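The structure appears right after this line, and notes come after that.
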Amino acid sequence: MLQIKVFVFNPVMVNTYLLYDETKEATIIDCGASTAAEKAQLSGFIKSNGLILKQLLNTHLHFDHVLGNHFVYANYGLKPKYNSGDELMQQSMSRISPIRYDPVLAGDYLNENDEISFGNTTLKVFQTSGHSPGSLSFYSEKDGCVFTGDALFHLDIGRTDLWGGNYSELITSIREKLLTLPGETVVYPGHEEPSTIEEEKLNNPHLRRL
Ligand SMILES: [Zn+2]
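This is the structure in structure tokens:
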């Protein structure tokens, strides 16, 4: 059974998800740890629970979602996996980020329909572009949950006024890739609290008329 530990890291309050199951194998989605205290909190949890970190995934490469990538690479030897569509953006963003960080280039690129496995858990990759060109969501059918980054939030959707953002692409991504999941699927967004697909279908003011 999938366990989901949420850390809220850095001044932008990004959700960093640490997923693990009964095998103790673990995956991080969006490591936003930026301070020594945040990094210690993350590594302390991994150590005290005896977890074996297998991979680092990024929903997209906005700075708040990748601030801890270098820490994960330096301490666990894991390069991030993400979609190549955001790499050009990361180069320019790392220069203007209010918080200095060292971008870590991908170990592997992820694309639509890829499957990522650790322990007894499998995540399917959806390309959910629009908030950024390379935005991804990660779906576990078995566990009934989807990690949507900044594409879909509780009663909100991602902004599209940043580099490479595209509103109609975002709406299409949400409609075709996310809202077609079972209604009870739990949505774990990149910021703030979880939701469900049904809740967003019924009550998200940006999606009502789709
Ligand atoms: Zn973002």
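So the mapping is simple: the working numbering equals the position in the sequence shown, first residue as 1, plus 366. Even for Gly, the Cβ is constructed at its ideal location relative to N, Cα and C. Note that the structure is predicted; figures quoted are calculated from it, not measured.
Pairwise C-alpha distance: residue j and residue i
i	j	result
residue 477	residue 487	18 Å
residue 413	residue 505	26 Å
residue 440	residue 566	38 Å
residue 444	residue 479	22 Å
residue 542	residue 374	29 Å
residue 483	residue 510	15 Å
residue 388	residue 468	33 Å
residue 438	residue 574	39 Å
residue 501	residue 471	16 Å
residue 587	residue 507	Nothing about residue 587 can be reported from this structure: the residues present for the chain run from 367 to 576 only.
residue 485	residue 540	29 Å
residue 525	residue 415	36 Å
residue 481	residue 551	18 Å
residue 493	residue 503	6 Å
Start and end residues, beta strand (DSSP E) containing residue i
i	result
residue 432	Careful: residue 432 lies outside any beta strand (DSSP E), inside the alpha helix (DSSP H) at 429–432.
residue 381	380–386
residue 515	511–515
residue 521	Per DSSP, residue 521 belongs to no beta strand (DSSP E) and is neither H nor E.
Which listed residue (the options) has its alpha carbon closest to that of residue i
i	options	result
residue 442	408, 498 and 463	408
residue 474	463, 451 and 461	451
residue 393	400, 368 and 402	368
residue 516	507, 531 and 509	531
residue 570	537, 556 and 548	537
residue 399	419, 519 and 378	378
residue 447	463, 415, 430 and 420	420
residue 558	518, 508 and 390	518
residue 462	529, 512, 406 and 401	529
residue 401	391, 423 and 432	432
residue 556	514, 544, 564 and 568	514
8 Å contact criterion, which residue i and residue j should meet: CB distance rounded
i	j	result
residue 459	residue 497	About 13 Å; that fails the 8 Å criterion.
residue 572	residue 522	7 Å
residue 465	residue 376	7 Å
residue 390	residue 417	5 Å
Closer than 7 Å: residue i CB and nearest ligand 2 heavy atom
i	result
residue 520	Here the bound small molecules are ligand 1; ligand 2 is not part of this structure.
Burial state of residue i, where buried means 16 or more other Cβ atoms lie within 10 Å
i	result
residue 554	buried
residue 499	buried
residue 396	buried
residue 546	exposed
residue 455	buried
residue 425	buried
residue 562	buried
residue 435	buried
residue 449	buried
residue 512	buried
residue 534	exposed
residue 372	exposed
residue 404	buried
residue 568	exposed
Residue range of the unbroken alpha helix (DSSP H) whose run includes residue i
i	result
residue 481	It is not in any alpha helix (DSSP H) - residue 481 instead sits in the beta strand (DSSP E) that spans 481–484.
residue 438	435–442
residue 391	Here residue 391 belongs to no alpha helix (DSSP H); instead the beta strand (DSSP E) covers 391–395.
residue 567	563–569
Minimum Cβ-Cβ distance from residue i to chain B less than 8 Å
i	result
residue 507	No chain B is present in this structure, which holds just one protein chain.
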